[in-house]
Amino acid sequence: MVNDLTPTDRADAEAVEASLELAAERGGDLAPAVYARLFERQPEMQALFWRDGNGAIKGEMLAKVFEAILDFIGPRTYAHHLIETEVVTHEGYDVPRNVFSTFFGIVAEVVRETCGADWTPAMDAAWDRTLADLHHYVTQRGRVVPAPAPEPAGA
Ligand code: HEM
């Protein structure tokens with residue numbers, strides 16, 4: 001697929017990983033902060049979790065999102081395809097595609113705030129680039145450009 005992006009730069013991956021480790025150490029479970037912000041910004045999303053009486057679905061989903069981000073910035077073995085397919089699966093829950101990018105942005109904000117004074121400019125720049133790359137996979141599905149036909153021999 002020609003719309004596949006190059007993998008995340010090693011230095012960016014290290015900065016994002018360091019921020020996630022720090023946030024996990026400092027903040028523990030980031031789910032309450034992440035979902036509180038999501039529902040503040042996109043109130044219509046709250047009702048879609050009507051089956052989630054005890055927060056287990058939200059917790060499980062955020063855990064999958066963290067795992068996916070780690071794969072995305074690292075080996076990128078599945079995360080870019082997972083994002084493309086979850087966007088489609090979630091249409092069944094009435095989640096609009098653009099909310100995926102909002103959600104990733106909120107995760108970044110909560111990580112940044114939890115890191116506090118230890119958040120670095122390198123982390124900031126690395127997250128910005130990672131969010132832009134994630135946004136690419138959120139939005140590209142359905143408009144993948146086929147690879148150009150090879151030049152005829154001798155041309
Ligand atoms: C890459 C991003 C995402 C991944 C990997 C993901 C993954 C998942 C998974 C695995 C579940 C099922 C959890 C379970 O039943 O234990 C789930 C459920 C759900 N997700 Fe996501 N999700 C993503 C983004 C989003 C976003 C941005 C929203 C917007 C609010 C959303 C809304 C929901 C809802 C409403 C459910 C509950 C469906 C139900 O009632 O069972 N997801 N998600």
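Residue numbering for the sequence shown is 1 to 155, as defined by my numbering.
Beta carbons are placed, not taken as given, at the ideal position from N, Cα and C, and that holds for glycine.
Residue i beta carbon near ligand 3 (any heavy atom closer than 8 Å)
i, result
"Arg51", "In the structure on display, ligand 3 does not appear, and the ligands it does have are ligand 1."
Proximity of residue i and residue j at Cβ, strictly below 9 Å
i, j, result
"Asp12", "Ile73", "yes"
"Val34", "Val99", "no"
"Phe66", "Leu20", "yes"
"Leu134", "Ile83", "yes"
"Arg37", "Val110", "yes"
"Glu25", "Leu70", "no"
Whole-angstrom distance between residue j and residue i, CA atom to CA atom
i, j, result
"Gln42", "Glu14", "31 Å"
"Phe39", "Pro32", "11 Å"
"Asp124", "Pro96", "27 Å"
"Thr8", "Ile57", "29 Å"
"Arg51", "Leu62", "16 Å"
"Gly105", "Ala79", "17 Å"
"Ala149", "Thr114", "49 Å"
"Leu94", "Thr77", "Per the sequence presented here, residue 94 reads as Asp, with Leu not at that position. If you take the alpha carbons of Asp94 and Thr77, they lie about 27 Å apart."
"Gly59", "Gly116", "23 Å"
"Thr102", "Glu151", "41 Å"
"Glu91", "Ala122", "35 Å"
"Ala126", "Thr6", "14 Å"
"Thr89", "Gly27", "30 Å"
"Leu48", "Ala68", "22 Å"
Option in the options with minimal Cα separation from residue i
i, options, result
"Gly55", "Thr8, Glu44, Arg129, Asp29", "Asp29"
"Arg10", "Gly53, Glu44, Pro75, Leu48", "Pro75"
"Lys64", "Glu44, Leu48, Glu86", "Glu86"
Whole-Å CB distance - residue i paired with residue j, under 8 Å assumed
i, j, result
"Trp119", "Arg112", "5 Å"
Give, in chain order, every unbroken run of the alpha helix (DSSP H) that is at least 4 residues long and sits entirely within the stretch 27-114.
31-41, 56-73, 79-91
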